[in-house]
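Student: By this note's numbering, the letter at position 254 of the sequence shown is numbered 234, and the numbering carries on one by one without gaps.
Where a beta carbon is used, it is the ideal one built from N, C-alpha and C, also for glycine.
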Amino acid sequence: MCRRIRETFAHLDGKDLLGVRHLSDKDGWKLPLRLIPYRDFTSADTRPVLVTEFGEPIKDWDSWYQWRKLPLESPAALIMNFPMTVYHLITNCLELTNATRGSPRKRIPFKVHMLGVEVELNYLPIFSELALLLPHHDIQLIMIGFSVPKLWTEARKHPTSLAAQALLGKPVFSYTAPLECGSSTLEIFLHGEAPTWPTRTVPFVRLEAIVACNAGLASYQGWVGVIRAAHMFDTPFTVSEYMEQSAEIQRAVFPAMLVLPRLCPRKEYPIALNPFQGPGQRYVSRLPNAVNGFTMVVVKN
-19 MCRRIRETFA HLDGKDLLGV RHLSDKDGWK LPLRLIPYRD FTSADTRPVL
31 VTEFGEPIKD WDSWYQWRKL PLESPAALIM NFPMTVYHLI TNCLELTNAT
81 RGSPRKRIPF KVHMLGVEVE LNYLPIFSEL ALLLPHHDIQ LIMIGFSVPK
131 LWTEARKHPT SLAAQALLGK PVFSYTAPLE CGSSTLEIFL HGEAPTWPTR
181 TVPFVRLEAI VACNAGLASY QGWVGVIRAA HMFDTPFTVS EYMEQSAEIQ
231 RAVFPAMLVL PRLCPRKEYP IALNPFQGPG QRYVSRLPNA VNGFTMVVVK
281 N
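Structure follows, in structure tokens:
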């Protein structure tokens, strides 16, 4: 019954990708100009300084707003918490790279598989923030989730659309940061062959990390194979969750998921408050509960 309801539900995450171009900063944000975190800069007034020259790490919303020259009244954090959480997961939780690692002579290739995407498909251009935060990097973000095959199906009806590029193995969004910001590149790909992560291909795919926002690792059966594969092949894997309690429950069931040959639970699965969580308390619980509220490291090398 639930499956039939889901299949007939009209909502489609990423429907803007059925158009032929991404929204501009102004059209996408629909905010007063001074409240917009631009990706396309027409003047130095809206462009952040090279992040390594800012004077302090971008470690929380206060530092990000200052670096981005935004007043705190800007509601940008309501959706920017998604790319900022990904940034925090790969730089702080997994410690795989940082703003100082690359240089003009030594660019850093960095491939991330982002699993369980849903609402993220509605605002791909904001992930350009990763290119601004990590100078001299060439970042590939491969998005996988149940919403992606549905979008692929619709894309076949719109052959000139942005989403149709995914059918050809091309990025659906590309961005190059200004030279003044480190000239990093970002490419976002949509993996729509299947709704879940292709765990059998893990040994043959080069990637730096697996991440997921608001994952619910103990709530969906599809995560079991991902957790096992990450442990088996030592693939860095970290997620965000709405609640600390949820993360603790998920951590507690990992040993039962890993009762297989060649698999062994890690000594610890650190849980922490996410400094880039979405503002405001979610209404479903009186416990601390926020979009991308907490982080949990599953595999770290």
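What separation, rounded to the nearest whole angstrom, lies between the Cα atoms of residue 295 and residue 119?
Tutor: The structure shown does not extend to residue 295, since the chain is modelled only from -19 through 281, so no value can be given for it.
Student: Check whether the Cβ atoms of residue 75 and residue 121 sit closer than 9 Å, and answer yes or no.
Tutor: Here residue 75 corresponds to residue number 95 of the sequence shown, with the count starting at 1. Here residue 121 corresponds to residue number 141 of the sequence shown, with the count starting at 1. Not closer than 9 Å, so no.
Student: Grab the span of the alpha helix (DSSP H) containing residue 162 for me, first residue to last.
Tutor: By 1-based counting over the sequence shown, the position of residue 162 is 182. From DSSP, residue 162 is part of no alpha helix (DSSP H); its letter is neither H nor E.
Student: Tell me whether the beta-carbon of residue 161 lies closer than 9 Å to the beta-carbon of residue 31.
Tutor: Counting from one through the sequence shown, the residue named residue 161 turns up at place 181. Counting from one through the sequence shown, the residue named residue 31 turns up at place 51. In this structure, residue 31 lies closer than 9 Å to residue 161 by Cβ.
Student: Please return the same chain residues whose Cβ sits closer than 6 Å to the Cβ of residue -16, not counting the five positions on each side in sequence.
Tutor: Here residue -16 refers to the residue found at position 4 of the sequence shown. At residue -16, the pLDDT of 47 sits below 50, so the modelled position is not reliable; the number obtained from the coordinates is stated separately. So no residue of the chain qualifies.
Student: By the three-class DSSP mapping on this structure, what secondary structure does residue 228 have?
Tutor: One-based indexing of the sequence shown puts residue 228 at position 248. In the structure shown, residue 228 sits in a helix (DSSP, three-state: H, G or I).
Student: If I measure Cβ to Cβ from residue 206 and keep anything under 6 Å in the same chain, skipping five residues before and after, which residues do I get?
Tutor: Locating residue 206 in the sequence shown gives position 226, where the first residue counts as 1. Taken in chain order, the residues that qualify are 177.
Student: Exposed or buried, which one is residue 6 when buried takes at least 16 other CB atoms within 10 Å?
Tutor: Translated into the one-based positions of the sequence shown, residue 6 becomes position 26. Exposed, since its Cβ has fewer than 16 Cβ neighbours within 10 Å.
Student: Per DSSP, which one or two residues make a beta bridge with residue 279?
Tutor: To locate residue 279, count along the sequence shown from 1; it is residue 299. 217, per the DSSP bridge assignment.
Student: Please report the distance separating the alpha-carbon of residue 24 from that of residue 114.
Tutor: In the sequence shown, the residue the question calls residue 24 occupies position 44. In the sequence shown, the residue the question calls residue 114 occupies position 134. Computed Cα separation, rounded: 19 Å.
Student: Are the stretch 130 to 146 and the stretch 51 to 66 touching by the rule of at least three beta carbon pairs closer than 8 Å?
Tutor: The stretch 130 to 146, when compared against the stretch 51 to 66, does not touch it at the 8 Å Cβ threshold.
Student: Take residue 9 and list the residues in its own chain whose beta-carbon comes closer than 7 Å to its own, dropping the five residues that flank it on each side.
Tutor: Stepping through the sequence shown from its first residue, residue 9 is reached at position 29. Same-chain partners within the cutoff: 16.
Student: With distance defined between alpha-carbon atoms, name the residue in 275, -7, 0 nearest to residue 100.
Tutor: Reading the sequence shown from its first residue, position 120 is the one you call residue 100. Out of 275, -7, 0, -7 has the C-alpha closest to the C-alpha of residue 100.
Student: Looking at C-alpha atoms only, which residue of 179, 146, 194 is the closest neighbour of residue 283?
Tutor: Residue coverage of the chain in this structure runs from -19 to 281, which leaves residue 283 outside it and unanswerable.
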